[in-house]
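Here is the structure we will look at, set down as structure tokens.
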Amino acid sequence: MRMTIQQVKEKYQTELMVLPGVVSVGIGLSEGETVIKIGLDGRHPDTEKALPKALEGYRVVSQDTGTIKAR
Amino acid sequence: MAEDIKSIGRVLQRVCNDLLKKQNVVATGIGYKTSAGERSLNLSIICSVEKKLPGIQLNSKDLIPKQIDGITTDVVETGRIRALNTHTQRHRPAPGGVSIAHRDVTAGTLGCIVKKQGQRVILSNNHVLANSNVAGIGDAILQPGPADGGQFPGDHIANLLEFVPINLSGGIGLPSDCPIGNGFAAILNLLAASTGSRTRLQAVRVQAEDNRVDAAIAKPLDDNDISADILDIGAIAGMTPGVLGMAIQKSGRTTEYTTGTIEQIDVTVNVQYGGGQVGRFTDQIMAGAMSQGGDSGSAVLDNDRNLVGLLFAGSDTTTIINRMENVFSALDLSL
């Protein structure tokens, strides 16, 4: 049976979170499709290049969120 | 000219109440008439309106006469006029959405009033009411917060009752001297994962326990000093889980009333707490830009005024929100 996007995110988030510049991993919408969203604190070309296009069939999309601070 | 102003003032005094009754008029005064973008030397009665409309769209009783007792009038569009930020002022009773903080913290937002074992208490963030784990139970909470002029003992509204400690060792489990090496091992692991390879590199250590909430409660000195309403929003209707695409609203100390949309759920995020401290949070909600520093602690509601979350962090383009159901279970709260 196909894993849910929550299960896939759970499975890979630890590895995703240690990539240089990654500050968040979540589940969002992109062009009407549920995707795994990666937040980056600025431009990180190496990380952007290294991010898989998809994990277990779910699309991976990155966005520049900037540094996230307690406010 | 002083004579002119005096005589116009007398006329204005007589007619201003009638003018202010007209649709859209928010203020009246005396000033130089502006014609075709140029200010003239022609003293006139100026009516400020929320929105300038063509006469044809107004009832005749709402039209402003071209002249009043021989004095010309002018109509300028100013938009709605509101009192300057009331969210940073002292309020008794204090509603949700206003400035509050531990006496050693600058200022955050009083989220809302909730119940702990039947008693009404103030809900906000740990980093607002408990100084990021550093405060002692019973410490004084000020409304407004110190950054907004709150002083002890005059503005002492409550005492810290309980907080959920935040694990600030975030980024956690990593050898701090080698983030790059770890990152590259992880990149290789991901490539392996996406190509289906079974060979995995073992550089990532087990993470310490993640945070779910940045939350604390304070007990008011007098129950009459707190209000169940949220400023600019009103009474809380209930509670509902946040879902992708949900329209949300909040009332906060800095950006006051703002709205947004839930853009991500199930978010794992590293949050900077200053001094190099990082807290990793899981099961968070992410919205777009709808907050700034000082809005921390704001209650986030859906458009039917159901509680959805507790705002605590963000960047220029994001706002990070704890799920309210996690806050309620961590502190054993009810509505």
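From first to last, the protein sequence lines stand for chains C and A. Here this note's numbering runs 235 ahead of the position in the first sequence, where the first position is 1. Here this note's numbering runs 5 ahead of the position in the second sequence, where the first position is 1. Every residue, glycine too, gets a C-beta built ideally from N, C-alpha and C. The model shown is predicted, which means the values in this text are computed figures rather than measured ones.
Where A:A99 is concerned, the enclosing beta strand (DSSP E) starts and stops at 99-101. Taking 8 Å as the cut-off, the beta carbon of A:N327 is found closer than this to the beta carbon of A:G314.
Secondary-structure assignment with DSSP links C:A289 through a beta bridge to C:R294.
Secondary structure of A:Q124 (DSSP, three-state): strand. About 16 Å separates the Cβ atoms of A:I51 and A:G75, ruling out a contact at the 8 Å cut-off. Close CB contacts of A:Q28 within its chain, under the 6 Å cut and outside five residues either way in sequence, are with D67 (chain order). One finds A305, R306 in chain C with Cβ atoms closer than 8 Å to the Cβ of A:F317, taken in chain order.
The distance from the Cβ of A:D288 to that of A:D271 is about 6 Å, consistent with a contact at the 8 Å cut-off. Per the Cβ contact rule, the segment 278-294 of chain C is not in contact with the segment 9-24 of chain A (fewer than 3 Cβ pairs under 8 Å). At a cut-off of 8 Å, the C-beta of C:M252 has a neighbouring C-beta in chain A.
When the five nearest sequence neighbours on each side are left out, the beta carbons in the same chain lying within less than 7 Å of the beta carbon of A:D160 are those of R95, L147, Q148, P149, in order along the chain.
For A:G250, the chain C residues whose C-beta falls within less than 8 Å of its own C-beta are L264, listed in chain order. Per DSSP, A:H96 lies in no alpha helix (DSSP H) and is assigned neither H nor E. Counting along the chain, A:H132 sits inside the alpha helix (DSSP H) bounded by residues 131-134. With contact defined as three or more Cβ pairs closer than 8 Å, the segment 118-133 of chain A and the segment 78-86 of chain A are not in contact. Boundaries of the beta strand (DSSP E) harbouring A:E43: 43-54, taken from the DSSP string. Put simply, the CB of C:T302 is near chain A, with a gap under 8 Å to one of its CB atoms. The beta carbons of C:V270 and C:R237 sit about 15 Å from each other, so the pair does not count as a contact at 8 Å. For A:M291, the enclosing beta strand (DSSP E) starts and ends at 283-292. By the Cβ-count criterion, A:N331 is buried, with 16 or more other Cβ atoms from all chains shown falling within 10 Å of its own Cβ. In terms of Cα proximity to A:R258, the closest of A:K11, A:I267, A:L165, A:D300 is A:D300.
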